[in-house]
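One structure below.
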């Protein structure tokens with residue numbers, strides 16, 4: 001995205017910001033840099049909002065909706 005923005009507005013400085021959710025598996029800031037060293041100017045670390053997998057929670061919700069429709 002920064003590349004495309006820079007082409008659209010070449011007279012402006014473009015900064016790339018990435019929000020990254022902190023996980024228990026990664027203990028230091030360096031652990032988050034794998035494959036991202038060159039991609040972003042700024043990494044903004046955020047707390048995990050929930051330890052639950054949002055896809056799994058959505059799946060359970062959809063299954064519950066299906067059961068109610070069969071009653």
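In the UniProt record's numbering, the protein residues as written are 1 to 71. We treat Cβ as the ideally placed atom computed from N, Cα and C, and that holds for glycine.
C-alpha gap between residue i and residue j, whole angstroms
i, j, result
"residue 14", "residue 43", "15 Å"
"residue 10", "residue 45", "29 Å"
"residue 3", "residue 33", "20 Å"
"residue 30", "residue 18", "15 Å"
"residue 65", "residue 57", "13 Å"
"residue 23", "residue 5", "31 Å"
"residue 59", "residue 12", "44 Å"
Rounded Cβ spacing between residue i and residue j (contact assumed at less than 8 Å)
i, j, result
"residue 48", "residue 25", "That pair is no contact at about 11 Å."
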